[in-house]
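Chain order of the listed sequences is A and B.
Note that my numbering has the first sequence beginning at 219, numbered continuously upward.
Note that my numbering has the second sequence beginning at 7, numbered continuously upward.
All C-beta atoms in this analysis are idealised placements derived from N, C-alpha and C, irrespective of residue type, glycine included.
Report on one structure; see the data block that follows.
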Amino acid sequence: MTSFNPLRRSTRARSCRRGLPALVSAAVLAVGLPSAAAADQATDVPDARPGASRAAALPAMGPEARPSPDAAAQVPSPQAPRPREPMLRVRAAGAVGLVSFAAADTFKAVYGSSTGLTLGGAVQVVHRRGWFGQVDVSHYQATGERVFVSGTERFSLGIATRVTVTPIEITGGYRLVPRPRAPRGPSPTPPRRGAATPRRGSRFASLVPYAGAGVGVVRLTERGDFAEPGEDVEETHRSYHVVGGVEIPMRGWLRGGVEAGYRWVPNALGGGGVSQEFGETDLGGFVLRVKAVLGR
Amino acid sequence: MNRVLQRLCRVLRGIGVLGTIALAAVGLGLAAQAPDAPPNRILAQPVAPPGIDRGVLDEPPARTVRGPRDGSGARRVVSKTSPPRSYVPGRVIVRFREGGAAAAVRALGARGLTTPRLIRPSWADFDLLEIDPSLDPEAVAAELAARPDVEYAQASYRVYAYFRPNDPLYDRQWNFQVIGMEQAWDINPGASSEVVVAVLDSGLAYRDAIYEFVAAAFVDNGVTYPALGRITVPFAAAPELAGPSRFVSPRDFIWDDTEPVDMDGHGTHVAGTIGQLTNNGVGVAGMAFNVRFMPVKVIAGDWDDIFGSPFIGTDDVVARGIRYAADNGAKVINMSLGRTGPPAPVVGAAIRYAVSQGAFVAVAAGNEYEDGNPTEAIAEEAAPIDGAMVVGAVGRDSPQPRRAFYSSVKPAVEIAAPGGDTRRGGAAAGIYQQTFDPVFSDTFALPPSLYRAPRFDAFAYRPFQGTSMATPHVAGLAALLYTQGITRPAAIEAAIKRFATDLGAPGRDDEYGHGLINPRATLRGLGLVR
Numbered sequence: 219m220t221s222f223n224p225l226r227r228s229t230r231a232r233s234c235r236r237g238l239p240a241l242v243s244a245a246v247l248a249v250g251l252p253s254a255a256a257a258d259q260a261t262d263v264p265d266a267r268p269g270a271s272r273a274a275a276l277p278a279m280g281p282e283a284r285p286s287p288d289a290a291a292q293v294p295s296p297q298a299p300r301p302r303e304p305m306l307r308v309r310a311a312g313a314v315g316l317v318s319f320a321a322a323d324t325f326k327a328v329y330g331s332s333t334g335l336t337l338g339g340a341v342q343v344v345h346r347r348g349w350f351g352q353v354d355v356s357h358y359q360a361t362g363e364r365v366f367v368s369g370t371e372r373f374s375l376g377i378a379t380r381v382t383v384t385p386i387e388i389t390g391g392y393r394l395v396p397r398p399r400a401p402r403g404p405s406p407t408p409p410r411r412g413a414a415t416p417r418r419g420s421r422f423a424s425l426v427p428y429a430g431a432g433v434g435v436v437r438l439t440e441r442g443d444f445a446e447p448g449e450d451v452e453e454t455h456r457s458y459h460v461v462g463g464v465e466i467p468m469r470g471w472l473r474g475g476v477e478a479g480y481r482w483v484p485n486a487l488g489g490g491g492v493s494q495e496f497g498e499t500d501l502g503g504f505v506l507r508v509k510a511v512l513g514r
Numbered sequence: 007m008n009r010v011l012q013r014l015c016r017v018l019r020g021i022g023v024l025g026t027i028a029l030a031a032v033g034l035g036l037a038a039q040a041p042d043a044p045p046n047r048i049l050a051q052p053v054a055p056p057g058i059d060r061g062v063l064d065e066p067p068a069r070t071v072r073g074p075r076d077g078s079g080a081r082r083v084v085s086k087t088s089p090p091r092s093y094v095p096g097r098v099i100v101r102f103r104e105g106g107a108a109a110a111v112r113a114l115g116a117r118g119l120t121t122p123r124l125i126r127p128s129w130a131d132f133d134l135l136e137i138d139p140s141l142d143p144e145a146v147a148a149e150l151a152a153r154p155d156v157e158y159a160q161a162s163y164r165v166y167a168y169f170r171p172n173d174p175l176y177d178r179q180w181n182f183q184v185i186g187m188e189q190a191w192d193i194n195p196g197a198s199s200e201v202v203v204a205v206l207d208s209g210l211a212y213r214d215a216i217y218e219f220v221a222a223a224f225v226d227n228g229v230t231y232p233a234l235g236r237i238t239v240p241f242a243a244a245p246e247l248a249g250p251s252r253f254v255s256p257r258d259f260i261w262d263d264t265e266p267v268d269m270d271g272h273g274t275h276v277a278g279t280i281g282q283l284t285n286n287g288v289g290v291a292g293m294a295f296n297v298r299f300m301p302v303k304v305i306a307g308d309w310d311d312i313f314g315s316p317f318i319g320t321d322d323v324v325a326r327g328i329r330y331a332a333d334n335g336a337k338v339i340n341m342s343l344g345r346t347g348p349p350a351p352v353v354g355a356a357i358r359y360a361v362s363q364g365a366f367v368a369v370a371a372g373n374e375y376e377d378g379n380p381t382e383a384i385a386e387e388a389a390p391i392d393g394a395m396v397v398g399a400v401g402r403d404s405p406q407p408r409r410a411f412y413s414s415v416k417p418a419v420e421i422a423a424p425g426g427d428t429r430r431g432g433a434a435a436g437i438y439q440q441t442f443d444p445v446f447s448d449t450f451a452l453p454p455s456l457y458r459a460p461r462f463d464a465f466a467y468r469p470f471q472g473t474s475m476a477t478p479h480v481a482g483l484a485a486l487l488y489t490q491g492i493t494r495p496a497a498i499e500a501a502i503k504r505f506a507t508d509l510g511a512p513g514r515d516d517e518y519g520h521g522l523i524n525p526r527a528t529l530r531g532l533g534l535v536r
């Protein structure tokens with residue numbers, strides 16, 4: 219006969235809660251970040267001890283600044299000096315996006331739509347003052363049919379063709395550094411009228427807007443059935459872009475983000491094919507991405 | 007008494023004359039009232055023995071059909087155009103001898119040109135050596151093959167699912183090889199039976215039958231040929247054209263009935279280029295070998311004249327034929343015909359009508375370049391119409407086809423296709439298709455003492471030349487394009503022009519128009535960049 223064992227149940231729940239932080243730790247280790255022990259502490263404790271989470275999250279990420287296990291348990295007073303952040307933090311991100319190509323007529327003619335999903339990832343280095351640098355890769359692919367275009371008419375020819383667009387981009391930009399949040403719970407003393415008040419509150423108060431610009435290369439391939447040598451396309455073109463977005467802390471080391479950008483890839487198209495018929499030369503376009511960021 | 011007899015004789019003579027006149031008048035009236043059953047042609051039997059294939063007839067065209075005559079009968083073997091070398095860049099196939107791989111790779115790497123990488127694919131006893139894409143794989147392969155530790159090395163040549171017809175005389179069809187039809191057939195193997203191609207011509211050898219004709223006497227070059235009276239003439243469907251449901255809505259505007267049998271051979275030859283049965287192990291090939299034909303007879307041949315057909319090929323007859331074809335579902339109309347002289351607005355209007363009904367029209371540019379290069383009336387009408395193309399001819403030349411000596415040069419020429427040029431290459435430089443064996447069909451070309459009734463059931467593969475032979479290449483391509491998805495005549499014309507291989511002066515010119523047709527490129531269309 220099995221009896222109800224609250225202890226065992228509690229253990230199980232605890233190990234589940236530890237699952238995500240463990241993954242985060244592994245990922246962070248992979249990109250050379252400090253041990254996830256602090257994150258583990260931070261995510262496990264905060265509800266019981268308001269402020270502990272913040273205390274564990276904000277301190278430096280370098281090994282030399284790693285908080286002791288006991289640190290998370292300590293409740294710092296609002297007046298206590300914040301531990302100094304590391305100069306640079308390294309973060310990794312994955313993104314799912316939507317691209318809307320500037321060569322809309324060309325993509326619509328061959329691939330049925332000028333928009334499509336992209337998948338990508340990035341590695342980011344963030345300076346404590348908010349400057350950041352980023353290298354990211356994304357990938358778009360589509361399958362369509364070769365066509366003939368006569369005036370405004372498009373005739374599909376039933377010959378399969380596949381395109382991939384793979385931008386590799388370097389971005390430099392600035393993130394607005396969030397002001398420290400006030401600890402949850404009642405203020406020990408009511409603020410004086412007119413005095414600056416630490417922000418309180420919701421997760422949205424921690425939104426981190428950022429903007430940047432950069433350069434890159436875009437790898438374009440197009441392969442069609444019945445191609446003779448030299449007819450398939452494998453080209454690389456220089457690109458330029460601007461980007462802006464916001465991040466929001468989700469849980470521990472995980473942040474979500476939404477990002478919009480515009481990419482220019484001049485003279486990548488227009489030398490032949492449908493793009494020449496439409497006089498479209500830019501392979502760039504508008505990009506909207508939803509990101510998951512690992513790191514602080 | 008004598009006077010009485012003399013008067014009686016006069017009266018009888020008068021009655022006789024009057025009676026003869028009256029009978030003649032009645033006969034003429036009957037003839038005028040019954041054009042559907044001209045006494046000069048009677049269908050004696052609706053069946054007949056099948057046609058006889060008498061093989062290749064390598065003579066130079068005995069009479070250049072609808073074009074100038076040409077002499078040289080030298081025979082040349084048609085050389086097959088070999089496809090260009092094509093290999094995957096950045097890769098060489100290598101089989102190393104025991105322990106040879108590392109040394110060979112090191113040797114290549116030491117040249118500093120590449121950082122080679124060996125890949126052993128599954129199901130292989132060889133390696134793929136990845137090299138710098140800028141290197142010539144053939145040169146690298148040759149260098150490797152020379153090493154003692156390499157068993158063999160070769161570039162990674164691409165292999166294609168070539169459709170090469172098994173028709174034994176296909177090798178003679180340089181015309182298809184020069185426009186890359188094998189690669190085009192890979193993309194579109196012969197169009198489909200959904201596409202009906204109307205052949206407006208001298209008729210078509212489309213059925214087995216026996217007809218009776220009345221052959222009147224005639225004079226040719228001052229020589230009188232005797233009347234043969236009522237004769238029985240056998241017809242047969244061309245073995246390389248006929249097939250189940252191959253012919254639809256036949257119409258004869260020369261005899262004004264629905265039996266447009268060919269008595270010339272021109273229409274049968276032209277139809278062969280469009281859609282000769284292909285890959286059947288017999289004879290030659292055609293471009294769009296799955297299409298159905300609509301035989302529309304609008305040209306009277308010599309036998310039609312001898313047999314006294316009620317109509318001959320005139321502008322109005324041609325215009326009616328065009329409208330008939332358009333109204334009966336033709337998607338492509340081939341007009342290997344023309345005339346010089348004043349404009350033919352009635353034909354122009356008919357072509358515009360056909361295009362408006364969704365039919366693409368291919369028209370011959372004319373063969374009179376050396377006869378003063380006169381204005382071709384029907385070509386002039388067709389040229390400005392989007393959806394109708396005027397076709398010039400090129401010969402079999404290397405490395406690049408050149409305008410055939412006869413092909414008209416004028417602004418109306420929109421495109422060029424192989425039409426043959428026996429002056430440069432003899433009979434082998436003509437366009438081979440199946441048509442009548444002239445030994446049996448062109449008996450009027452014999453001396454009067456040997457002149458006899460023709461028969462149109464013996465066939466041979468004969469080399470013809472002319473813009474008449476070039477035009478069906480364009481019609482065949484249009485049928486392929488229609489099947490591929492380009493269904494509007496103006497778009498078919500735009501596509502053919504867009505992908506033509508420029509010849510002569512850069513851009514459009516009066517000799518080649520926009521250039522030589524390029525079926526493969528036209529069928530493959532466009533991607534984003536290429």
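Determine, for residue i, whether the minimum Cβ-Cβ distance to residues of chain A falls below 9 Å.
i, result
"L529/B", "yes"
"S88/B", "Because the pLDDT at S88/B is just 35, under 50, the model does not fix this residue reliably, and the value given afterwards should be weighed accordingly. Not an interface residue."
"R504/B", "yes"
"L234/B", "no"
"L532/B", "yes"
"R514/B", "no"
"R597/B", "With chain B running from 7 to 536 in the structure shown, residue 597/B is simply not present."
"V297/B", "no"
"R170/B", "no"
"R526/B", "yes"
If we call anything under 9 Å between Cβ atoms a contact, is residue i one with residue j?
i, j, result
"I280/B", "F299/B", "yes"
"L63/B", "V98/B", "no"
"L135/B", "V146/B", "yes"
"L337/A", "A322/A", "no"
"V361/B", "L343/B", "no"
"L394/A", "V343/A", "no"
"M468/A", "G474/A", "yes"
"V460/A", "Y480/A", "yes"
"S413/B", "G431/B", "no"
"T238/B", "A459/B", "yes"
"I312/B", "F505/B", "no"
For residue i, which three-state DSSP category applies?
i, result
"Q39/B", "Bear in mind that the predicted position of Q39/B carries a pLDDT of just 44, short of 50, making it unreliable; the figure below should be weighed with that in mind. Three-state result, Q39/B: helix."
"R536/B", "coil"
"K337/B", "coil"
"I377/A", "strand"
"P329/A", "In the sequence as presented, Pro is not what sits at residue 329/A; that position holds Tyr. Three-state DSSP puts Y329/A in a helix."
"Q183/B", "helix"
Check the Cβ-Cβ distances between residue i and every residue of chain B, and say whether any is below 9 Å.
i, result
"L438/A", "yes"
"G442/A", "yes"
"V381/A", "yes"
"R307/A", "no"
"I377/A", "yes"
"G435/A", "In the sequence as presented, Gly is not what sits at residue 435/A; that position holds Val. With 9 Å as the cut-off, V435/A does not count as an interface residue toward chain B."
"R516/A", "Nothing about residue 516/A can be reported from this structure: the residues present for chain A run from 219 to 514 only."
Mind pulling the chain C residues with CB within less than 7 Å of residue i?
i, result
"V535/B", "In summary, chain C is missing from the structure at hand, where the protein chains are A and B."
Length at least 4, wholly inside the stretch 363-439 of chain B: the alpha helix (DSSP H) runs in chain order: Qualifying alpha helix (DSSP H) stretches, in chain order: 383-388.
Residues of the stretch 315-334 of chain A with Cβ closer than 7 Å to any Cβ of chain B, in chain order: Answer set for the stretch 315-334 of chain A: T324, V328.
Residues of the stretch 177-207 of chain B whose Cβ lies closer than 8 Å to any Cβ of chain A, in chain order: Those residues of the stretch 177-207 of chain B that come within reach of chain A (Cβ to Cβ, closer than 8 Å) are Q189, D192, I193.
Cβ-based contacts, 7 Å cut-off: residues of the stretch 445-458 of chain A near chain B: Residues of the stretch 445-458 of chain A with a C-beta atom less than 7 Å from some C-beta of chain B are E446, P447, E449, V451, listed in chain order.
Against chain A: residues of the stretch 489-503 of chain B by CB proximity under 8 Å: For the stretch 489-503 of chain B, residues whose beta-carbon sits nearer than 8 Å to a beta-carbon of chain A comprise Q490, G491, I492, T493, R494, A496, A497, A500, A501.
Every unbroken alpha helix (DSSP H) inside the stretch 221-297 of chain B [4 residues or more]: Those alpha helix (DSSP H) runs which fall completely within the stretch 221-297 of chain B and span 4+ residues are 272-281.
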